[in-house]
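Engineer: My structure is below; once you've seen it, I'll send some questions.
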């Protein structure tokens, strides 16, 4: 017969009580009754001493109770109290190991660096390129006839893309209007034409920024503006002052101002409304917009003009006041915030960049392609969702069921990416 005893008591009192109880139980079957009475007497003495010395007030009441009913009542009270203590201790430990956070808002008078300002023209191509494409369609509306008719590489590549879907558009535009709206879009053009080619045909810095003033002095447009590529606006430009000039006093006289040329008034006037496929989007919320997109963001970070920012229409001036706010988030174990980019990208990043790269990750996993409207991950080998390299070339001359199915397959990838972005 094996008896295991697990006891923990600072004074050893509880150990003696349980051992004596076990010995008494054994003595009733193996020892003489006199010995059992002696052992029970010793057990009562130990319990009395334990009751006098313990700090648990309910235990002495249960031990020294004179009736069975009173003893049972006190035992129930002790068990309930112990259960409540255990439950409360569990809740305290559970809350502690959940690492709760407290948000503290403080107004601190500290110098604030001047933000970065990114500018994008709604008219994403150079005026001369747009006029050239417009005149070519007026001369001959068939895009396949213009593929090799010019030395302008962007125009040739653009005509190749439009020609792939032109025959299908003539045949099925009434049956699949949403499909052709997604196919004939700026993001489709940027996914199928090399960025360097688009850069040459897009809005140029010297034709966009007319003048620039910073803290009452003229700024160097060539040095201070940096180009970055956006899948919708194409060429955008970010202004950042020099490091030793970033801290300024408040007031509009100490801010930044610029005169911009949108170029909308320099476009050819047609006798009738003409939509250039892939450059003008008739059903898009941005289709009727003219002017400039302005994004104010933290220096050294990327701007997302299609997600954030303000619109300034042509012929108007606009003033923006900025109230800086700095969020300091704690890291593990209380939070998952990190000072380094979890996706391996170099340079500073912010919450929106991290969110968009997370969405890109989910798009790649679910749709097996990358959305060029989101930041592309450097370690990814997924093709772009809008890339049409596998589209049959014979569709340029004759539409067929095979061409229509290829078009619908391409649109299904675009729709998959859109659903993933809407979900997350």
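Numbering (the numbering used here), first residue to last: 12 to 435. All residues carry an ideal CB built from backbone N, CA and C; glycine is no exception. None of the values given here were measured: they were computed from a predicted structure.
1) Go through the region 238–317 residue by residue and report every complete run of the beta strand (DSSP E) that reaches 3 residues or more, in order.
2) DSSP beta-bridge partners for residue 228?
3) State the start and end residues of the unbroken beta strand (DSSP E) segment that holds residue 202.
4) Could you tell me whether the region 281–289 touches the region 138–150, using the rule of 3 or more Cβ pairs below 8 Å?
5) On the premise that residue 203 lies in contact with residue 399, defined as a C-beta separation below 8 Å, what is that separation, rounded to the nearest angstrom?
6) Is DSSP giving residue 324 helix, strand or coil here?
7) I think residue 286 touches residue 373, with their Cβ atoms under 8 Å apart; what is that distance to the nearest whole Å?
8) Could you check if residue 139 is buried or exposed, using at least 16 other CB atoms within 10 Å of its CB as the buried criterion?
9) Based on DSSP bridge pairs, tell me the residues matched to residue 129.
10) Run through the DSSP bridge pairs and tell me what residue 5 is partnered with.
11) Let me know if residue 212 comes out buried or exposed under the rule of 16 or more other beta-carbons within 10 Å of its beta-carbon.
12) By Cβ distance, which residues of its chain are closer than 7 Å to residue 15, with the 5 residues on each side in sequence left out?
13) Report the option in 244, 161, 216 whose CA atom is closest to the CA atom of residue 458.
14) Is the region 260–276 close to the region 122–137, with three or more CB pairs under 8 Å?
15) Count the CB pairs spanning the region 390–408 and the region 246–255 that are closer than 8 Å, and state whether there are at least three.
16) Tell me, which residues are paired with residue 124 by DSSP?
17) Hey, quick one: how far does the alpha helix (DSSP H) through residue 372 stretch, first residue to last?
18) To the nearest angstrom, how far is it from the Cα of residue 193 to the Cα of residue 109?
19) Using the three-state DSSP reduction, which class does residue 207 fall into: helix, strand or coil?
20) According to DSSP, is residue 421 part of a helix, a strand, or is it coil?
21) Let me check understanding here. Comparing Cα to Cα, which of 388, 137, 377, 151 lies closest to residue 246?
22) Taking the CB atoms as reference points, tell me whether residue 191 and residue 180 lie closer together than 8 Å.
23) Pull the bridge partners of residue 220 from the DSSP assignment, please.
24) Just to confirm my understanding: we take residue 40, look at its own chain, exclude 5 residues before and 5 after, and list those with CB closer than 7 Å. What are they?
25) Give me the Cα-Cα distance between residue 74 and residue 341, rounded to the nearest whole angstrom.
26) Check whether the Cβ atoms of residue 220 and residue 236 sit closer than 8 Å, and answer yes or no.
27) My output table needs one value for residue 395: the three-state DSSP class, helix, strand or coil.
28) Which residues does DSSP list as the beta-bridge partners of residue 236?
29) Can you name, in chain order, every residue of its own chain whose Cβ lies under 6 Å from the Cβ of residue 200, other than the five neighbours on each side?
30) Out of 328, 395, 363, state which residue places its alpha-carbon closest to the alpha-carbon of residue 376.
31) Would DSSP call residue 349 helix, strand or coil?
32) Tell me the residue span of the alpha helix (DSSP H) that contains residue 84.
33) Of all the CB atoms in chain C, is at least one closer than 8 Å to the CB of residue 151?
34) Report all residues from its chain with a CB closer than 6 Å to the CB of residue 367; omit the five preceding and five following residues, and keep chain order.
Structural biologist: Concretely, from the data shown:
1) Here the runs fully enclosed are 245–250, 267–271, 302–308.
2) On the chain shown, position 217 is the one that residue 228 refers to. DSSP output for residue 228 lists 225 as bridge partner(s).
3) Position 191 of the chain shown, counted from the start, is the residue given in the question as residue 202. Unbroken run through residue 202 is the alpha helix (DSSP H), 197–203; no beta strand (DSSP E).
4) Of all C-beta pairs linking the region 281–289 to the region 138–150, three or more are shorter than 8 Å, placing the two stretches in contact.
5) For the purposes of this step, residue 399 is taken as residue 388 along the chain shown, with counting starting at 1. For the purposes of this step, residue 203 is taken as residue 192 along the chain shown, with counting starting at 1. At roughly 6 Å, the Cβ-Cβ gap stays under 8 Å, so residue 399 and residue 203 are in contact.
6) Residue mapping note: residue 324 aligns to position 313 of the chain shown, counting from 1. Strand, per DSSP.
7) Along the chain shown, read from residue 1 onward, the residue named residue 286 stands at position 275. Along the chain shown, read from residue 1 onward, the residue named residue 373 stands at position 362. That pair is no contact at about 33 Å.
8) Counted from its first residue, the chain shown places residue 139 at position 128. Exposed, by the Cβ-count rule.
9) Taking the first residue of the chain shown as position 1, residue 129 is located at position 118. Looking at the DSSP assignment, residue 129 forms a beta bridge with 249, 306.
10) The question about residue 5 has no answer, for the chain in this structure spans 12 to 435.
11) Locating residue 212 in the chain shown gives position 201, counting from the first residue. Residue 212 should be labelled buried.
12) For the purposes of this step, residue 15 is taken as the residue at position 4 of the chain shown. Confidence at residue 15 is low in this model, with a pLDDT of 31, below 50, so the placement of that residue should be treated as unreliable; the coordinate-derived value is given next. Same-chain partners within the cutoff: there are none.
13) Residue coverage of the chain in this structure runs from 12 to 435, which leaves residue 458 outside it and unanswerable.
14) In the pairwise beta carbon analysis, the region 260–276 is classified as touching the region 122–137: at least three pairs are separated by under 8 Å.
15) The region 390–408 is not in contact with the region 246–255.
16) Working through the chain shown from its first residue, we reach residue 124 at position 113. 258, per the DSSP bridge assignment.
17) On the chain shown, residue 372 is found 361 positions in, with the first residue counted as 1. Following the DSSP letters along the chain, one finds residue 372 inside the alpha helix (DSSP H) bounded by residues 362–378.
18) Taking the chain shown and counting its residues from 1, one reaches residue 193 at position 182. Taking the chain shown and counting its residues from 1, one reaches residue 109 at position 98. So the alpha carbons of these two residues sit roughly 45 Å apart.
19) For the purposes of this step, residue 207 is taken as the residue at position 196 of the chain shown. Reduced to three states, the DSSP call for residue 207 is helix.
20) Translated into the one-based positions of the chain shown, residue 421 becomes position 410. Residue 421 falls in the helix class under three-state DSSP.
21) Here residue 246 refers to the residue found at position 235 of the chain shown. That would be 137, whose Cα lies nearest to the Cα of residue 246.
22) Taking the chain shown and counting its residues from 1, the one referred to as residue 191 is at position 180. Taking the chain shown and counting its residues from 1, the one referred to as residue 180 is at position 169. The Cβ atoms of residue 191 and residue 180 sit closer than 8 Å to each other.
23) The residue you call residue 220 lines up with position 209 of the chain shown. Residue 220 is bridged to 271.
24) If you number the chain shown from 1, residue 40 lands on position 29. For residue 40, the pLDDT reaches just 49, beneath the cut-off of 50, and the residue's location in the model is therefore unreliable, although a value from the coordinates is still provided. Its chain contains no residue whose beta carbon lies nearer than 7 Å to that of residue 40 once the 5 sequence neighbours on both sides are disregarded.
25) Looking up residue 74 in the chain shown gives position 63. Looking up residue 341 in the chain shown gives position 330. Spanning the two alpha carbons is a distance of roughly 52 Å.
26) In the chain shown, the residue the question calls residue 220 occupies position 209. In the chain shown, the residue the question calls residue 236 occupies position 225. The answer is yes: Cβ separation under 8 Å.
27) Looking up residue 395 in the chain shown gives position 384. The answer is strand: DSSP assigns residue 395 an E or B state.
28) Within the chain shown, the letter at position 225 stands for residue 236. Per DSSP, 250.
29) In the chain shown, the residue the question calls residue 200 occupies position 189. These residues qualify, in order along the chain: 289.
30) Mapped onto the chain shown, residue 376 falls at position 365. Taking only the C-alpha atoms, the option nearest residue 376 is 395.
31) Walking along the chain shown from the start, residue 349 turns up at place 338. In the structure shown, residue 349 sits in coil (DSSP, three-state: anything other than H, G, I, E or B).
32) Translated into the one-based positions of the chain shown, residue 84 becomes position 73. For residue 84, the enclosing alpha helix (DSSP H) starts and ends at 79–107.
33) Here there is only one protein chain, and chain C is not present.
34) Along the chain shown, read from residue 1 onward, the residue named residue 367 stands at position 356. Its chain contains 385, 386 as the residues whose beta carbon lies nearer than 6 Å to that of residue 367, once the 5 sequence neighbours on both sides are disregarded; these appear in chain order.
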